[in-house]
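Residue numbers (mature numbering (1 follows the signal peptide of the UniProt record, and there is no 0)): -18 to -1, 1 to 250.
Glycine is no exception: its CB is placed at the ideal position from the N, C-alpha and C atoms.
Each remark here refers to the structure printed beneath this line.
Okay, structure coming up:
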């Protein structure tokens, strides 16, 4: 076994020795770098100027037989500036201000001159007693009803006669009136003022309850008379002595047509 290993090793060793090897050449490369140094000198106007001299410089540079090739130095690109551009200066022209609206001054009246007169004293209220109650007596007027039985003559009144309805309501004298009652209503001009008793509230007009005689002459010449009581006021009668008759008084004169006629009447 050992013999085999030795033989194999010898065989591989001979093969390696017999293998050809490539030849190598040694080449020496020389690179010349030229560096330029810039020297700045500050010259003052009033400083003395150095005189030229023929002495050689204190430095020595070996001349080169071959012109040096200048290799440009690498210059990195300029980084973008992070500064913000300054704002433009404000305009020197000031803006024209808009004029504010000013209302015109109000005209004021000249102050009144101070009055030299003394102030008028305010009178204190004077107590006034309440008015006395109205008397129940009727005022004396030309339309007051006369007393006594005159039976016509100089006391005969002449005026229009009309007819009106009564449905049981109270008249101006305070009593309820119906159509079958022989009554009349007297004109406002002859009636005067309506007065009442302050205790009972009943009418105290002097015409209330007065009995009269009414005389009417028909177109045929026939004359009719009837008696009635004044128990109401006729506000629509325009004549001074016009009277408004109930249905009973109208029929007693022999009248059936509802119209306006003329007649005479007097106090009984």
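Could you have a look at residue 116 and say whether DSSP puts it in helix, strand or coil? Position 134 of the chain shown, counting from 1, holds the residue named residue 116. Model confidence at residue 116 stands at a pLDDT of 42, short of 50, so the residue's coordinates are unreliable; what they give is reported in the following sentence. Three-state result, residue 116: coil.
Buried or exposed for residue 211, going by 16 or more other Cβ atoms inside 10 Å? For the purposes of this step, residue 211 is identified with residue 229 of the chain shown, where counting begins at 1. In the assembly as shown, residue 211 is a buried residue. Its beta-carbon has 16 or more other beta-carbons within 10 Å.
Mark residue 168 as exposed unless 16 or more other C-beta atoms lie within 10 angstroms of its C-beta, in which case mark it buried. Walking along the chain shown from the start, residue 168 turns up at place 186. Counting of Cβ neighbours within 10 angstroms places residue 168 among the buried residues, the total reaching 16 or more.
Selection from 159, 157, 158 and 137 that minimises the alpha carbon distance to residue 250: On the chain shown, position 268 is the one that residue 250 refers to. Of 159, 157, 158 and 137, the smallest CA-CA separation from residue 250 is found for 137.
Alpha-carbon spacing of residue 206 relative to residue 200, whole angstroms: Translated into positions along the chain shown, residue 206 becomes position 224. Translated into positions along the chain shown, residue 200 becomes position 218. The C-alpha of residue 200 is placed about 8 Å away from the C-alpha of residue 206.
Beta-carbon separation of residue 184 and residue 221 under 7 Å? Residue 184 sits at position 202 when you count from the first residue of the chain shown. Residue 221 sits at position 239 when you count from the first residue of the chain shown. Their beta carbons are not under 7 Å apart, which means residue 184 does not touch residue 221 by this criterion.
Across the region 231 to 245 and the region 175 to 183, are there enough close Cβ pairs to call them in contact, namely three or more that are closer than 8 Å? Counting Cβ pairs under 8 Å, fewer than three are found: no touch.
Under three-state DSSP, which class holds residue 176? Along the chain shown, read from residue 1 onward, the residue named residue 176 stands at position 194. For residue 176, the three-state secondary structure derived from DSSP is coil.
Can you tell me whether residue 217 is buried or exposed, with buried defined as 16 or more other CB within 10 angstroms of its CB? For the purposes of this step, residue 217 is taken as residue 235 along the chain shown, with counting starting at 1. Result: exposed.
Please check the pair residue 227 and residue 144, which I expect to be a contact at CB under 8 Å, by giving their CB distance rounded to whole angstroms. In the chain shown, counting from the first residue as 1, residue 227 sits at position 245. In the chain shown, counting from the first residue as 1, residue 144 sits at position 162. With 8 Å as the limit, residue 227 and residue 144 qualify as a contact, their Cβ atoms being about 7 Å apart.
Give me the Cα-Cα distance between residue 198 and residue 149, rounded to the nearest whole angstrom. Position 216 of the chain shown, counted from the start, is the residue given in the question as residue 198. Position 167 of the chain shown, counted from the start, is the residue given in the question as residue 149. One alpha carbon belongs to residue 198, the other to residue 149, and they sit about 26 Å apart.
Check whether residue 235 and residue 195 have beta carbons under 7 Å apart: By one-based count along the chain shown, residue 235 stands at place 253. By one-based count along the chain shown, residue 195 stands at place 213. The answer is no: Cβ separation not under 7 Å.
Backbone CA spacing between residue 232 and residue 219 [nearest angstrom]: As a working note, residue 232 is residue 250 in the chain shown. As a working note, residue 219 is residue 237 in the chain shown. Cα-Cα distance, rounded: 16 Å.
Closest to residue 162 by C-alpha separation, out of 146, 22, 173 and 139, would be which residue? In the chain shown, residue 162 corresponds to position 180, counting from 1. For the residues 146, 22, 173 and 139, the minimum Cα distance to residue 162 belongs to 146.
Neighbourhood of residue 164 by C-beta, 8 Å cutoff - its chain only, sequence neighbours within 5 removed: As a first step, residue 164 must be located in the chain shown, where it is residue number 182. Apart from sequence neighbours up to five positions away, the residues of its chain that approach residue 164 with a beta-carbon distance below 8 Å are 208, 209, 210, 211, 228, 230, 231 and 234, ordered along the chain.
Got a sec? Which residues, its chain only, sit under 6 Å from residue 141 by beta carbon, not counting five neighbours each side? As a position in the chain shown, residue 141 is number 159, starting the count at 1. Apart from sequence neighbours up to five positions away, the residues of its chain that approach residue 141 with a beta-carbon distance below 6 Å are 221, 223 and 224, ordered along the chain.
Rounded to whole angstroms, what's the CA-CA distance from residue 13 to residue 23? Just pull it up for me. Position 31 of the chain shown, counted from the start, is the residue given in the question as residue 13. Position 41 of the chain shown, counted from the start, is the residue given in the question as residue 23. Looking at the backbone, the Cα of residue 13 and that of residue 23 are separated by about 32 Å.
Would you grab the beta carbon distance between residue 153 and residue 246 for me? Rounded to a whole angstrom, and I think it's under 8 Å. Locating residue 153 in the chain shown gives position 171, counting from the first residue. Locating residue 246 in the chain shown gives position 264, counting from the first residue. Contact between residue 153 and residue 246 fails: their C-beta atoms lie close to 23 Å from each other, not under 8 Å.
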